[in-house]
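Those sequence lines, one after another, are chains D and A.
Start counting the first sequence at 1; every next residue gets the next number (the working numbering).
Start counting the second sequence at 1001; every next residue gets the next number (the working numbering).
Cβ atoms here follow ideal geometry from the backbone N, Cα and C, with glycine treated the same way.
Note that the coordinates shown come from a computational prediction; the quantities given were computed from them, not determined experimentally.
Input: a single structure, listed below in structure tokens.
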Amino acid sequence: MLKIKGLSYTVSDENGTKKILNGIDLEIDTGRFVVITGPNGGGKTTLAKAIMGIVTPDSGSIEFDGTDVTSLSVTERARLGISYAFQHPPRFKGLQVTELLSIAAGKKLSTNECCAYLTKVGLCTEDYLDRDIDSSLSGGELKRIEIASILARNSSLMIFDEPEAGIDLWSFSRLTQTFESIHRKTGSTIVIISHQERIIRLADEVILVAGGAVTHRGNADTVLPHIGDPISYCSVKEA
Amino acid sequence: MAKLSQIELNMLRQIADLHKVPEGAYNIRRNGESAGRNSSENIEIVSKTDKPGIDIIIKPGTKNESVHIPVIISKTGYSETVYNDFIVGEDCDVLIIAGCGIHNSGCDTSKHDGVHTFHVGKNSRVKYVEKHYGDGEGTGEKIMNPQTIVYLDEGAFIEMDTTQIRGVDSTHRYTRIELAAGSETLLLEKLMTHDRQKADSDMEIILNGEDSRARVVSRSVAQGESEQVFHPSVVGKARCFGHVQCDTIIMDSAKVRSIPAIESDCVDAQLVHEAAIGRIAGDQLLKLMTLGMSEQEAEERIISGFLK
Ligand SMILES: Nc1ncnc2c1ncn2[C@@H]1O[C@H](COP(=O)(O)OP(=O)(O)O)[C@@H](O)[C@H]1O
Ligand SMILES: [Mg+2]
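What follows is the structure, encoded as structure tokens:
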């Protein structure tokens, strides 16, 4: 179970301070399939990064499977079973797809195992295995390799940040099947940040994050109508 | 072959990936003396008579053969300049594995200056692999100053894959390649410096002939207080293609100067250069850390991949 209490995060730049997360309280039960949605700039990525430990909040706490992880490093959280597929994955010079997947899995993966992960994200496999994860990959390819790395990691909490971005329709439908099947077959908690109604409709629960706060939660039918709510409540509150 | 110590055998593994006596032609130079030599039917190795060094003569039409010519220095305070000439006949396809390892356990400077000259005959293909490595607990410096001059005849090709692995306190590299019509070169330079090491690399690639081609890819990592200076220059004197790419990861308080140059004497020369210096991207480190690596493991992984 993931328990977030009073999570706040403020940044300061030349325009003053800005509250990006504004006292988020959120509990997600183990094994749930949750979709977080909401307007651009609402704070979804920041929330995910705070859970992973990439962003250090000003206040609040995060508990994961009974452990208070608030002051733990990214590495420690990763080893406890938290994983995060980046919205904008980095590129590497000199790291091959099979190597990344092996690092994620924590062991050397065979060609067949790597192929299986790549197939799950709709990548025609053989061609990709020894490709470097560098600027020769398209945005959509990079994004799918990123998702494959999280599948290979097989953590108890998997967070995917806009996995649909840059992906063609065919791969998208392959991807939704993959999310459904991990949900069915593993006990992992899945959190997907998404704007896609198809993904939103797969969720046990939909959480609307706007203006750095959780504004609605519930099933797709109760939350979806609020996505277009006036911007007033999602404007970022001043610190 | 003379008996080698464990330290010397380790150096051979590091620089030439040699675990036993190599197949084919070889010459192992240790502390200025030959510790083993073998010529093959097509590849002849002879000592120079006027100065230290060897001539490696490869018969025309020699295909799929290799020559190993590693150099090791295990005696502290030993300095040498060695001249090696490679005469590669026409229509060959050969692999040349050079490399130098210095183990310095004393306090005097050990130095190897290797002067290599290649004459590559028409339509021949050569792959040249060179690794430089230093170790030893002594305070004596380990210095290597390789100078490599290559003449490519028409249609010839050379790939030069040079790596300075670790432990070389000071290096000044000079590489000059002259290309005749239709010839081609690919230079891959990998360099790592740490502590207070210094590395300079000068390259001059002269594209003399029509349709000659050169690609230079230099990747380096500068750690500690080390300093690196790169001066690759590509000169186009005919219709030709040249591309230089220098890419450095800078760390700690290292200093790097990267000064690629392109010069053209011909309207049909197509020359491009790119250079980049930067720290390891934070999101690369974070990505590997989210997969369970510590920050240090992530850093090492990124560096080893970059220099792979
Ligand atoms: N380091 C930062 N500095 C300044 N502004 C930031 C920083 N990180 C995020 N923001 C801002 O915080 C808001 C929320 O960003 P983000 O979490 O990426 O939103 P979402 O993922 O919901 O689109 C945006 O307005 C974004 O520009
Ligand atoms: Mg986002």
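Please go through the same chain and pick out, in chain order, the residues whose beta-carbon is closer than 7 Å to the beta-carbon of Tyr-1083 of chain A, but skip the five residues on each side of it.
So the qualifying residues of the chain are Lys-1048, Lys-1051, Pro-1052, Gly-1053 and Val-1115.
Closer than 6 Å to a non-hydrogen atom of ligand 2 - does that hold for the CB of Lys-44 of chain D?
The closest heavy atom of ligand 2 lies less than 6 Å from the beta carbon of Lys-44 of chain D.
Using 7 Å as the threshold, is the C-beta distance between Val-1217 of chain A and Ile-1177 of chain A below it?
Contact flag unset, no.
Mind checking whether the beta-carbon of Val-11 of chain D lies closer than 6 Å to any heavy atom of ligand 1?
Because some heavy atom of ligand 1 lies under 6 Å away, the Cβ of Val-11 of chain D counts as near it: yes.
Is Ile-231 of chain D helix, strand or coil when you go by DSSP?
Caution is warranted here: a pLDDT of 46 is assigned to Ile-231 of chain D, below 50, making its placement in the model unreliable, and no coordinate value can be reported.
Drop a sphere of 10 angstroms on the beta-carbon of Val-34 of chain D, count the other beta-carbons inside from all chains shown, and report buried for 16 or more, exposed for fewer.
It is buried - the Cβ of Val-34 of chain D has at least 16 other Cβ atoms within 10 Å.
Taking the beta carbon of Ser-235 of chain D as the centre, do at least 16 other beta carbons fall within 10 Å, making it buried, or is it exposed?
Unreliable placement is indicated for Ser-235 of chain D, whose pLDDT of 40 sits below 50; the coordinate value is still reported in the next sentence. With fewer than 16 Cβ atoms within 10 Å of its Cβ, Ser-235 of chain D is classed as exposed.
Bridge partner(s) assigned by DSSP for Ala-1199 of chain A:
A:Thr-1171 and A:Gln-1228.
Run down chain D in chain order and give the residues with a C-beta less than 7 Å from the C-beta of Leu-1286 of chain A.
Those are Ile-54 and Val-74, listed as they occur along chain D.
Could one say the Cβ of Phe-92 of chain D lies closer than 7 Å to chain C's Cβ atoms, at least one of them?
Here chain C cannot be found, since the structure's protein chains are D and A.
Is the beta carbon of Ser-1039 of chain A closer than 7 Å to that of Gly-1024 of chain A?
Not in contact: Gly-1024 of chain A and Ser-1039 of chain A (Cβ atoms no closer than 7 Å).
Beta-carbon proximity list for Gly-1099 of chain A, same chain, < 6 Å, skipping 5 on both sides
Counting only Cβ-Cβ distances below 6 Å, and skipping sequence neighbours, we find Ile-1015, Ala-1016, Pro-1070, Glu-1130 and Lys-1131.
Boundaries (first-last residue) of the beta strand (DSSP E) holding Ile-1249 of chain A
According to the DSSP assignment, Ile-1249 of chain A belongs to the beta strand (DSSP E) that extends over 1240-1250.
With a threshold of 7 Å between beta-carbons, can Gly-1278 of chain A be considered close to chain D, or not?
So no, Gly-1278 of chain A is outside the interface.
Bridge partner(s) assigned by DSSP for Phe-86 of chain D
Phe-86 of chain D has no beta-bridge partner at all, per DSSP.
Measuring only from the beta carbon, is Gln-196 of chain D closer than 6 Å to any heavy atom that is part of ligand 2?
For Gln-196 of chain D, the shortest C-beta to heavy atom distance toward ligand 2 is 6 Å or greater.
Considering Cα atoms alone, identify which of D:Gly-122, D:Ile-103 and D:Pro-39 is closest to Asp-168 of chain D.
Closest by alpha carbon: D:Gly-122.
DSSP bridge partner residues for Asp-13 of chain D (one or two, in chain order)
DSSP, once it has assigned bridges, lists D:Gly-16 as partnering Asp-13 of chain D.
Rounded distance between the beta-carbons of Tyr-9 of chain D and Pro-39 of chain D, thought under 8 Å
Rounded to whole angstroms, the Cβ separation of Pro-39 of chain D and Tyr-9 of chain D is 17 Å, and the two are not in contact under 8 Å.
Does the distance between the C-beta of Ile-207 of chain D and the nearest non-hydrogen atom of ligand 1 fall short of 6 Å?
Not one heavy atom of ligand 1 sits closer than 6 Å to the Cβ of Ile-207 of chain D.
Between the segment 63-74 of chain D and the segment 1256-1268 of chain A, are three or more C-beta pairs nearer than 8 Å?
Touching, no.
Please list the partners that Leu-1188 of chain A has in chain D, where partner means a Cβ-to-Cβ separation under 7 Å.
The contacting residues do not exist; Leu-1188 of chain A stays about 12 Å from chain D at best.
As a quick exercise: from D:Ser-135, D:Glu-205 and D:Asn-112, pick the residue whose alpha carbon is nearest that of Cys-124 of chain D.
Nearest option by C-alpha distance: D:Asn-112.
Tell me the rounded alpha-carbon separation between Thr-1316 of chain A and Ser-171 of chain D.
With chain A covering 1001 to 1308 only, the question about residue 1316 of chain A has no answer from this structure.
From the beta carbon of Ala-1222 of chain A, is the nearest beta carbon of chain D less than 7 Å away?
Not an interface residue.
Could you please give me the residues that DSSP links to Val-1272 of chain A through a beta bridge?
Partner(s): A:His-1243.
Cβ of Ser-1258 of chain A within 7 Å of any chain D Cβ
So, not an interface residue.
Compare the Cα-Cα distances from Ala-1103 of chain A to each of A:Gly-1167, A:Gly-1089, A:Cys-1092 and A:Leu-1288 and report the closest residue.
It should be pointed out that residue 1103 of chain A corresponds to His in this sequence rather than to Ala. Put simply, of A:Gly-1167, A:Gly-1089, A:Cys-1092 and A:Leu-1288 the residue whose alpha carbon is nearest the alpha carbon of His-1103 of chain A is A:Gly-1167.
Indicate whether the contact test is met: 3 or more Cβ pairs, each with one atom in the segment 1053-1063 of chain A and one in the segment 1105-1113 of chain A, closer than 8 Å.
At 8 Å Cβ cutoff, the stretches do not touch.
With DSSP as the reference, please indicate the residues paired to Glu-1044 of chain A in a beta bridge.
DSSP lists A:Ile-1057 as partners of Glu-1044 of chain A.
So is the beta-carbon of Gln-1006 of chain A under 6 Å away from any non-hydrogen atom of ligand 2?
Result no, Cβ not under 6 Å from ligand 2.
Have a look at the DSSP bridge pairing and note the partners of Ile-1206 of chain A.
As computed with DSSP, Ile-1206 of chain A is found in a beta bridge with A:Glu-1178 and A:Val-1235.
Can you list, in chain order, the residues of its chain whose CB lies under 7 Å from that of Ala-220 of chain D, leaving out five sequence neighbours each side?
The answer, listed in chain order, is Ile-200, Arg-201, Ala-203 and Val-206.
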